[in-house]
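Participant: This is the structure, below, for whatever I ask next.
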Amino acid sequence: MPGRMGLDVLVVGAGNAALCAALAARGLGASVEVLECAPKSQAGGNTTFTGGAMRVVYSGVEDLVKLMPGLTEQERGAAEFGTYRSEDFFEDMARVTESRADPDLVEVLVDDSLPTLLWMQQNGVKFQPSYGRQAFNVEGKFRFWGGLAVEVNGGGPGLFYQLARAATSVGIPIHYESRAVDLLFDGHAVHGVRVRTPSNVHDLEARAVVLACGGFEANLEWRTRYLGPGWDLAKVRGTPFNLGDGIRMALEIGASPAGHWSGCHAVAWDMNAPEFGDLKVGDGFQKHSYPLGIMVNAKGRRFVDEGADYRNFTYAKYGRRILEQPGQFAWQVFDGRVSQFLRSEYRIREVTRVRADTLEDLAARLEGVDRESFMRTVAAFNSAVTQDVPFDPNVKDGRRTIGIDPPKSNWSNPIDRPPFEAYMVTCGITFTFGGLRIDPTTSVLDTYGSRIPGLYAAGELVGGLFYFNYPGGTGLTSGAVFGRRAGTSAARHALESASR
Numbered sequence: 000m001p002g003r004m005g006l007d008v009l010v011v012g013a014g015n016a017a018l019c020a021a022l023a024a025r026g027l028g029a030s031v032e033v034l035e036c037a038p039k040s041q042a043g044g045n046t047t048f049t050g051g052a053m054r055v056v057y058s059g060v061e062d063l064v065k066l067m068p069g070l071t072e073q074e075r076g077a078a079e080f081g082t083y084r085s086e087d088f089f090e091d092m093a094r095v096t097e098s099r100a101d102p103d104l105v106e107v108l109v110d111d112s113l114p115t116l117l118w119m120q121q122n123g124v125k126f127q128p129s130y131g132r133q134a135f136n137v138e139g140k141f142r143f144w145g146g147l148a149v150e151v152n153g154g155g156p157g158l159f160y161q162l163a164r165a166a167t168s169v170g171i172p173i174h175y176e177s178r179a180v181d182l183l184f185d186g187h188a189v190h191g192v193r194v195r196t197p198s199n200v201h202d203l204e205a206r207a208v209v210l211a212c213g214g215f216e217a218n219l220e221w222r223t224r225y226l227g228p229g230w231d232l233a234k235v236r237g238t239p240f241n242l243g244d245g246i247r248m249a250l251e252i253g254a255s256p257a258g259h260w261s262g263c264h265a266v267a268w269d270m271n272a273p274e275f276g277d278l279k280v281g282d283g284f285q286k287h288s289y290p291l292g293i294m295v296n297a298k299g300r301r302f303v304d305e306g307a308d309y310r311n312f313t314y315a316k317y318g319r320r321i322l323e324q325p326g327q328f329a330w331q332v333f334d335g336r337v338s339q340f341l342r343s344e345y346r347i348r349e350v351t352r353v354r355a356d357t358l359e360d361l362a363a364r365l366e367g368v369d370r371e372s373f374m375r376t377v378a379a380f381n382s383a384v385t386q387d388v389p390f391d392p393n394v395k396d397g398r399r400t401i402g403i404d405p406p407k408s409n410w411s412n413p414i415d416r417p418p419f420e421a422y423m424v425t426c427g428i429t430f431t432f433g434g435l436r437i438d439p440t441t442s443v444l445d446t447y448g449s450r451i452p453g454l455y456a457a458g459e460l461v462g463g464l465f466y467f468n469y470p471g472g473t474g475l476t477s478g479a480v481f482g483r484r485a486g487t488s489a490a491r492h493a494l495e496s497a498s499r
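Per numbering that gives the first Met the number 0, the very first residue in the sequence shown carries number 0; after that it's consecutive.
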């Protein structure tokens with residue numbers, strides 16, 4: 000990688016956002032190279048650890064057929080895909096972020112979601128219905144819920160493989176074990192990066208740089224500094240390489256921070272998962288079927304409304320609530336009535352689980368939990384369940400509890416049918432919400448609100464989109480939408496600069 004000013008666009012990172020940026024820039028005729036700090040066997044950032052779900056606007060099954068041309072008539076007849084309109088996406092973003100999300104960025108995200116996924120398909124990414132995660136088979140019919148009907152074939156690993164293959168096919172080199180450590184900045188514009196490899200440190204010049212190398216969730220010190228006490232104890236769901244390098248480099252040259260720096264996407268994660276993500280398990284350590292049961296802490300008490308909404312709109316904030324509990328853990332408890340609906344991640348080998356034929360025996364096996372308090376909690380919960388509303392896991396059924404705190408608003412069933420099973424979880428952090436301030440072109444802005452020429456950003460290091468919470472499947476869509484836009488903007492800047 001010799002330093003040269005002949006390079007148009009340099010992309011830092013090799014996940015979904017980065018590779019979409021690289022492909023978009025190359026599509027405009029720019030010369031492009033990609034830097035990935037991880038070795039090839041661990042490349043792809045957080046993308047490789049996701050399930051591959053992507054939130055997208057669609058007016059009906061006709062739009063989905065454009066994305067998934069292999070969808071057969073039989074599959075279409077066996078499912079109710081519904082619609083997910085632009086106004087639904089806007090409303091979900093406003094509701095879960097408490098109306099703090101940058102409206103200009105949200106407008107880009109929503110309006111570009113379907114065109115971007117269609118563009119990805121044209122670049123070799125294959126999509127499929129998200130049957131296992133977003134639709135239960137009830138009486139022979141799948142009904143999709145929560146506005147999330149599409150996922151990438153092969154999940155996150157499949158997405159990285161397909162994008163990397165597309166990049167390679169159009170002549171974009173990906174340099175592994177190449178960490179960007181500083182931006183080359185002349186006081187006005189960015190002209191490349193300083194790169195550290197196992198053998199040397201050198202400067203790599205380029206007319207434009209796209210930062211798409213993730214947030215700071217793997218940086219224990221930054222986590223504790225910005226998210227607060229206790230966050231040094233959280234597990235990291237994904238890559239150990241997201242240390243905040245892109246954010247740091249930009250801030251050092253005067254970029255403006257933006258977004259919810261004390262907030263993050265954090266979920267229920269297996270208690271005995273490793274410190275960082277394991278590519279062999281992927282996102283299998285997550286435990287997202289809690290709306291069908293109850294969660295209790297070490298005191299044997301419930302602490303959240305498990306059925307407040309579809310899990311798409313609560314799972315990313317409940318990790319924080321688990322971290323706040325004594326011992327930073329909780330047990331998810333289910334009975335035989337709902338075991339058939341538990342997601343596939345509950346059936347993997349690497350799981351912390353106990354089973355019993357009686358509640359008393361289950362209580363005795365819940366490590367770290369006050370047994371008597373747990374039994375009282377279950378008894379009170381069972382008595383509070385309304386029996387006149389039918390249970391339906393595909394809709395917010397209104398089957399609630401009455402007279403207990405916290406309530407359970409939907410999907411409430413007595414915990415009384417054996418066998419009983421429980422899963423021990425802690426907090427797993429996915430990505431941080433704070434990052435760099437960008438405008439809708441993805442230009443990075445300085446602290447005075449001006450664009451930094453030659454510098455663009457996309458993906459999880461962008462601030463301003465997510466606050467407090469997150470609609471499931473929006474991360475990959477955001478990365479693709481703003482990655483594509485960043486690559487386009489960077490290429491135009493570079494090609495215009497070269498022509499002067």
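Just so it is clear, CB atoms sit at the ideal spot from N, CA and C, and this is done for glycine as well. Just so it is clear, the structure is predicted and the values come from calculations on it, not from any experiment.
1) Would you say residue 287 and residue 267 are within 8 angstroms of each other, going by their C-beta atoms?
2) State buried or exposed for residue 324, treating a residue as buried only when at least 16 other CB atoms are found within 10 Å of its CB.
3) Give the list of continuous beta strand (DSSP E) stretches no shorter than 3 residues that lie fully inside the segment 318-406.
4) Alpha carbon to alpha carbon, how far is residue 316 from residue 94? Give it in angstroms, no decimals.
5) If the criterion is Cβ atoms closer than 8 angstroms, does the pair residue 213 and residue 462 meet it?
6) For residue 179, write down the residues that DSSP places opposite it in a beta bridge.
7) In the DSSP assignment, the alpha helix (DSSP H) including residue 65 goes from what residue to what residue?
8) Taking the alpha carbon of residue 73 as the reference point, which residue from 414, 86, 140 has its own alpha carbon closest?
9) Return yes when the Cβ of residue 385 is within less than 8 angstroms of the Cβ of residue 401, no when it is not.
10) Could you give the distance in angstroms between the alpha-carbon of residue 391 and the alpha-carbon of residue 301?
11) Reducing DSSP to helix, strand and coil, say where residue 487 ends up.
12) Could you please give the first and the last residue of the uninterrupted beta strand (DSSP E) stretch that includes residue 450?
13) How many whole angstroms separate the CB atoms of residue 377 and residue 437, which I take to be in contact at a CB cut-off of 8 angstroms?
14) Once DSSP output is grouped into helix, strand and coil, what is the label at residue 289?
15) Per the contact definition of three or more C-beta pairs closer than 8 angstroms, is the segment 155-169 in contact with the segment 56-69?
16) My output table needs one value for residue 232: the three-state DSSP class, helix, strand or coil.
17) Buried or exposed: where does residue 83 fall if 16 or more other Cβ atoms within 10 Å of its Cβ makes it buried?
18) Is the distance from the Cβ of residue 207 to the Cβ of residue 20 below 8 angstroms?
19) Assess contact between the segment 125-142 and the segment 28-36, defined as three or more Cβ pairs (one per stretch) separated by less than 8 angstroms. Is contact present?
20) Rounded to a whole number of angstroms, what is the C-alpha to C-alpha distance between residue 8 and residue 274?
21) Mapping the DSSP letters down to three states, classify residue 36 as helix, strand or coil.
22) How far does the alpha helix (DSSP H) with residue 89 in it reach, from first residue to last?
23) Out of 66, 375, 380, which one is the CA nearest neighbour of residue 406?
24) At what residues does the alpha helix (DSSP H) containing residue 117 begin and finish?
25) Would you please state the rounded distance, in angstroms, between the beta carbons of residue 217 and residue 241? I believe it to be under 8 angstroms.
Facilitator: With the structure as the only source:
1) yes
2) buried
3) 329-333, 352-355
4) 13 angstroms
5) If you check the CB distance, residue 213 and residue 462 do not come in under 8 angstroms.
6) In the DSSP assignment, residue 179 is bridged to 194.
7) If you look at residue 65, you'll find it in the alpha helix (DSSP H) that goes 60-66.
8) 140
9) A contact, by the Cβ cut-off of 8 angstroms.
10) In a straight line, the C-alpha of residue 391 is about 22 angstroms away from that of residue 301.
11) helix
12) 450-456
13) Their Cβ separation, rounded to whole angstroms, is 48 angstroms, which puts residue 377 and residue 437 out of contact at 8 angstroms.
14) helix
15) no
16) DSSP places residue 232 in helix when its eight states are reduced to three.
17) buried
18) no
19) no
20) Here the alpha carbons of residue 274 and residue 8 stand approximately 34 angstroms from one another.
21) coil
22) Per DSSP, residue 89 is one residue of the alpha helix (DSSP H) stretching across 85-95.
23) 380
24) 102-121
25) 5 angstroms
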